[in-house]
Each structure stands twice: as C-alpha cells, then as structure tokens.
Ligand SMILES: [Zn+2]
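In my numbering, the protein residues as written are 28 to 340.
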C-alpha cells in the first residue's frame with residue numbers, strides 16, 4: 028500500500044462522532060468527486076469511492092445523516108490499481124436534500140445554482156478537518172521517497188478539483204493554518220499540491236491522521252540520515268580527487284623539467300623536494316613534509332614553485 032492509501036485507511040478507520048462532522052466529511056467527498064447531472068425529476072448527484080468497505084462506510088454515513096438508504100450503487104473495476112470503484116448515485120428529492128444541506132447548491136427565485144464556496148459546513152475547525160478528510164479520500168494522493176524501489180520519488184501530496192474556486196478556497200484555508208500549497212492545471216482539473224516534506228506533514232497532521240504523521244516523520248529522519256552520509260561521501264571523494272589531480276600535475280611538472288633541462292636545473296631545496304615527491308609518490312603532503320623536515324606550507328610553496336618553473340619552460 029502506498030503512503031497516500033495508508034492515510035486514507037487511517038481516515039476510514041476512525042468513525043466520525045458528531046453529526047456536523049459527518050456532514051462536512053460527506054461535503055468533502057462530494058466536492059472532491061461528485062458529478063451533478065440533470066435527472067428527470069430534477070438534480071442528480073453521483074460520486075465515486077474506491078474499495079467496498081469504504082463505499083459501505085459512506086453509504087452508512089448518508090443513512091445516519093439524511094435518514095435514507097442509498098439505492099443506487101454501481102461497481103466498476105479499476106484494473107490499474109486492482110480494486111473496485113463504487114459509484115453512488117442519488118436523484119430526485121434525495122439528491123436535492125443532500126446538495127442543499129451540504130451547502131453545495133442554493134435555490135433562489137432565479138433557479139438553482141452551484142455554490143463555489145463551502146458555506147457554513149466548514150465553519151467549525153472540527154468540520155473543516157472532516158471536510159479535508161473527505162476531499163482527500165476521494166481526490167487526494169500522496170507519495171514519499173523510497174516507496175517504489177528503484178524509482179526516485181520525492182515528496183508530493185495533491186488534491187484534485189474540477190473547479191478552480193474550490194481549489195483556491197482550500198488553498199486559502201490551508202494557508203490560514205500555515206500550510207502552503209500551490210495550484211496547477213492538469214487537463215481540465217485544478218490540482219492543489221504540496222511538495223515540501225514539512226508541508227505534507229502539517230497537512231496530514233491537520234486531517235488529523237496521527238499514525239501517518241509518525242510514519243512520515245520516520246521516513247523524513249531516515250532520508251535525512253541518508254542525505255547527510257551521501258553528502259559526506261561525496262565530499263570525501265571530492266577531496267581525494269582534488270589531491271590526486273594536484274599530485275599528477277606536480278609529477279608531470281617535475282618530469283618536464285627533468286626532460287627539458289635536467290634535474291640539476293632546480294635549486295638544491297627544490298631539487299630535493301622534486302626527488303622526494305617522485306620517490307614517495309604515495310605520501311600525503313603532511314607525510315612528505317615530515318620526511319623533508321619542513322612544514323606543510325613550506326612544502327606547498329616549493330611544489331608551487333616547481334610547477335611555475337615547469338610552466339615557463
Ligand atoms: Zn464538526
């Protein structure tokens with residue numbers, strides 16, 4: 028199970044207690060995946076839930092909240108993810124009641140209109156969070172590094188909306204809670220996404236899904252340890268490479284001088300240094316300096332001098 032699915036499992040594993048939160052959760056589900064259509068007897072509403080157990084939970088919530096049984100449920104196979112997707116449909120007075128009560132449509136003298144704003148349904152903090160959970164279970168996904176072995180994935184959490192207003196409003200509400208998100212278009216959808224590990228952690232904590240927060244914290248710590256040790260490794264290798272390069276350069280310089288002018292061309296101290304460098308090619312600078320009974324900076328100075336002489340030849 029990927030990380031996003033485990034968040035959804037956690038959400039569905041905790042029953043909602045308050046009626047207001049149940050409504051907010053359903054509103055989130057409908058805002059996230061609902062489709063309104065015209066039916067013979069007025070409005071029709073349908074929305075999709077993946078997984079039988081989850082579909083039953085949602086149908087139960089509708090009965091508890093609105094007092095009627097869902098009569099129309101159809102199943103389709105989601106082969107890609109090897110699961111069944113259940114489509115719940117409501118029509119007539121039942122659809123109207125749900126849509127009005129959840130603040131999704133408004134009726135006025137001019138007719139019926141769909142509300143871009145969430146209305147009072149998310150006014151209470153507990154309800155906003157329930158609403159967010161509803162949104163996430165139907166339109167959310169989340170991936171974290173190291174989920175698919177061999178594949179390099181970063182941190183990514185998103186909520187998919189069919190309307191820009193809902194996406195923007197959700198982003199605004201999240202921002203009030205110090206969770207920064209961005210919105211982008213993908214085909215006809217508006218995708219709200221969070222890329223930073225800390226932002227994703229704050230989002231999951233706001234749902235709240237505490238078990239998933241702990242899991243994510245573990246992943247972040249593991250990642251951090253891995254990054255630090257990789258950085259250290261790269262850094263060590265960088266140093267070694269630089270040393271080897273410098274060593275090769277100085278040996279080439281000494282060879283050039285010997286070939287073109289003979290080793291006696293160098294002053295005695297430089298000559299001794301050149302000879303030692305050739306003879307003890309595996310020595311570090313410190314070891315070579317000790318061998319010559321000079322300081323490391325003196326050795327560096329002499330090697331630079333040799334390189335300069337070779338360059339002018
Ligand atoms: Zn509530």
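Even glycine gets a Cβ: it sits at the ideal position worked out from N, Cα and C. The structure displayed is predicted, hence computed values, not measured ones.
- Annotation: residue 249 to residue 242 spans about 11 angstroms, alpha carbon to alpha carbon.
- With contacts defined by Cβ atoms closer than 8 angstroms, residue 159 and residue 194 do not form a contacting pair.
- Boundaries cannot be given for residue 108, as no alpha helix (DSSP H) includes it and DSSP labels it neither H nor E.
- In this structure residue 81 touches residue 39 by the C-beta definition: roughly 5 angstroms separates them, less than 8 angstroms.
- Residue environment for residue 324: exposed (fewer than 16 other C-beta atoms within 10 angstroms of its C-beta).
- Using a 10 angstroms sphere on the CB of residue 251, the tally of other CB atoms stays under 16, which defines it as exposed.
- Scanning its chain for C-beta atoms nearer than 8 angstroms, with the 5 sequence neighbours on each side dropped, one finds around residue 319 the residues 299, 300, 303, 326, in chain order.
- For residue 148, there is no enclosing alpha helix (DSSP H), as DSSP gives it neither H nor E.
- Within the stretch 203 to 242, the complete alpha helix (DSSP H) runs of at least 4 residues fall at 224 to 233.
- In the DSSP secondary-structure assignment, residue 196 is not bridged to any residue.
- In the three-state scheme derived from DSSP, where H, G and I count as helix and E and B as strand, residue 133 is classed as strand.
- About 6 angstroms separates the Cβ atoms of residue 161 and residue 53, confirming a contact at the 8 angstroms cut-off.
- Under the 10 Å beta carbon count, residue 262 is surrounded by fewer than 16 other beta carbons and is classified as exposed.
- Residue 45 and residue 127 have their C-alpha atoms some 19 angstroms from each other.
- In summary, residue 185 is buried, with 16 or more beta-carbon neighbours lying within 10 Å of its beta-carbon over all protein chains present.
- Your pair residue 125 and residue 59 does not check out as a contact, with CB atoms roughly 15 angstroms apart and the cut at 8 angstroms.
- DSSP places residue 76 in no alpha helix (DSSP H) but in the uninterrupted beta strand (DSSP E) bounded by 69 to 77.
- When secondary structure is reduced to three states using DSSP, residue 117 falls in the strand class.
- DSSP places residue 66 in no alpha helix (DSSP H) but in the uninterrupted beta strand (DSSP E) bounded by 62 to 66.
- One residue after another in chain order, those with a Cβ under 7 angstroms from a heavy atom of ligand 1 are 45, 47, 48, 51, 151, 153, 154, 157.
- With respect to the C-alpha of residue 230, the residue from 246, 207, 143 having the closest C-alpha is 207.
- Sequence-distant Cβ neighbours of residue 168 in its own chain, meaning closer than 7 angstroms and more than five residues away, are 31, 185.
- For residue 315, the uninterrupted alpha helix (DSSP H) run begins and ends at 312 to 318, by DSSP.
- Between residue 71 and residue 79, the C-beta gap is not smaller than 8 angstroms, which leaves the two residues out of contact.
- Residue 29 is not a Cβ neighbour of residue 244, given a cutoff of 8 angstroms.
- By the Cβ neighbour-count rule, residue 239 is buried, with 16 or more other Cβ atoms within 10 Å of its own.
- The C-beta of residue 99 has fewer than 16 other C-beta atoms within 10 Å across all chains shown, which makes the residue exposed.
- Secondary structure note for residue 31: its alpha helix (DSSP H) is the uninterrupted segment 30 to 40.
- Around the C-beta of residue 228, 16 or more other C-beta atoms lie within 10 Å, and the residue is accordingly described as buried.
- Excluding five sequence positions before and after residue 267, none of the CB atoms of its chain fall closer than 8 angstroms to its own CB.
- Secondary structure at residue 338: helix, using DSSP grouped into helix, strand and coil.
- Following the DSSP letters along the chain, one finds residue 300 inside the alpha helix (DSSP H) bounded by residues 295 to 306.
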